[in-house]
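Just so you know, we're using UniProt numbering here: the sequence shown kicks off at 1 and counts up by one.
Only one structure is covered here, and it is reproduced in the block below.
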Amino acid sequence: MNKKQIVQAIEAIQWDYEDALVPESIHYIQKDDVVMIKNEKSTSIYANKVVRFDKSFEEIEEVFAFFGESPFSWWVRKENHRELEDELMKRELYHFDTYVGLAKVLHKKENEVDTQHSYKEVTGKEEVSQHVQVASSIWNYDRRTEEAAFSERVKYIEIPDRRGGYMIVVDNELPIAYSNYRYSHDDRVLYLNGAGVIPRYRGKGIYREMVARRLNEAISRGCQIAVTQAKKDTSEPILRKVGFQEYATYKQYVPNQ
1 MNKKQIVQAI
11 EAIQWDYEDA
21 LVPESIHYIQ
31 KDDVVMIKNE
41 KSTSIYANKV
51 VRFDKSFEEI
61 EEVFAFFGES
71 PFSWWVRKEN
81 HRELEDELMK
91 RELYHFDTYV
101 GLAKVLHKKE
111 NEVDTQHSYK
121 EVTGKEEVSQ
131 HVQVASSIWN
141 YDRRTEEAAF
151 SERVKYIEIP
161 DRRGGYMIVV
171 DNELPIAYSN
181 YRYSHDDRVL
191 YLNGAGVIPR
201 YRGKGIYREM
211 VARRLNEAIS
221 RGCQIAVTQA
231 KKDTSEPILR
241 KVGFQEYATY
251 KQYVPNQ
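Right, dumping it as structure tokens:
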């Protein structure tokens, strides 16, 4: 893949889902110049987002009309949208977080070294509950978002032809970390689309181990590349250490509430 194709693969992590598996509560606008995603049952800015906007500033009102009263985030690729950022700030959106588009070509298996914790694929409702519990504790979900996440994950793991799934890490019976993954429609790309470790277990190599195990499975499937949008200065430095390289930077804007 050339750089343009890799950037496209990185951005596709936001919308390359199985059509039949998208819950009825999720609505897409997906065009060459705009991609927006809205989940009617969630108030999370990670579920409601603008991931591409190459239209004129005069058409920004279409975005606000689409989301209505739902909180949402606006992902701006840093290198080519300074004017858009200025316009968003005029409309009382502010720079909330920065994510780095990273990719790694897959050819050599990673070392799996953690034998102290249990790394489990999520296969049932109890494990889904643990997955949501960990994610909620890290990202501060409200009750409505927790319920939506649980319902959507349960439905997803019951689909036999799904392209992705979830992992939890357990210390004895305590869930301490989670991760999400999905493969592209052509099975060439592994999307790492969310992970976290509860604070008191950070710095123990758990995040890195989750990544290693997922990369190894992707290599076994014949994937060519792994991509992600990693939060700057959190997961990003860890991923760089295992060979991921930067291809783009995204600034996440959210309404000032």
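Every residue, glycine too, gets a C-beta built ideally from N, C-alpha and C.
Keep in mind the model is a prediction, meaning the values are calculated, not measured.
{"Asked": "Exposure label - HIS131; buried when at least 16 CB within 10 Å", "Found": "buried"}
{"Asked": "Meets three-Cβ-pair contact criterion under 8 Å: the region 93-111 and the region 240-256", "Found": "yes"}
{"Asked": "ASN39 - DSSP class collapsed to helix/strand/coil", "Found": "strand"}
{"Asked": "Nearest-angstrom Cα separation, counted from VAL34 out to ILE57", "Found": "For the sequence presented, residue 57 should be read as Phe rather than Ile. Cα-Cα distance, rounded: 12 Å."}
{"Asked": "7 Å CB neighbourhood of SER137 in its chain, flanking five on each side removed", "Found": "ILE198"}
{"Asked": "DSSP-derived helix/strand/coil call for TRP139", "Found": "helix"}
{"Asked": "Three CB pairs or more closer than 8 Å across the region 103-121 and the region 215-230", "Found": "yes"}
{"Asked": "Beta carbon of PHE96 nearer than 9 Å to that of TYR253", "Found": "yes"}
{"Asked": "Under 9 Å between C-beta atoms of ARG182 and GLY164", "Found": "yes"}
{"Asked": "Terminal residues of the alpha helix (DSSP H) in which GLN8 lies", "Found": "3-12"}
{"Asked": "Residues bridged to PRO175 [DSSP beta-bridge criterion]", "Found": "VAL170"}
{"Asked": "Residue 262 versus TYR201 - alpha carbon distance", "Found": "In the structure as shown, the chain begins at 1 and stops at 257. Residue 262 is therefore absent and cannot be evaluated."}
{"Asked": "Sub-9 Å separation of VAL169 and TYR178 beta-carbons", "Found": "yes"}
{"Asked": "Pairwise C-alpha distance: GLU83 and MET89", "Found": "10 Å"}
{"Asked": "Short Cβ contact (9 Å threshold) for ALA195 with MET210", "Found": "yes"}
{"Asked": "Residue closest to ALA12, alpha-carbon to alpha-carbon, out of GLU152, VAL227, LEU239, TYR166", "Found": "VAL227"}
{"Asked": "For ILE206, the first and last residue of its enclosing beta strand (DSSP E)", "Found": "Per DSSP, ILE206 belongs to no beta strand (DSSP E); it is in the alpha helix (DSSP H), 206-221."}
{"Asked": "Check whether ASN180 and ASN193 have beta carbons under 9 Å apart", "Found": "yes"}
{"Asked": "Contact set for ALA148: own chain, Cβ-Cβ below 6 Å, skip 5 residues either direction", "Found": "LYS41, SER42"}
{"Asked": "Cβ pair ILE60, GLU87 closer than 9 Å", "Found": "yes"}
{"Asked": "Local conformation of THR123 per DSSP, three classes", "Found": "coil"}
{"Asked": "Per-residue burial, GLN116 [other beta carbons within 10 Å of its own, 16 or more giving buried]", "Found": "exposed"}
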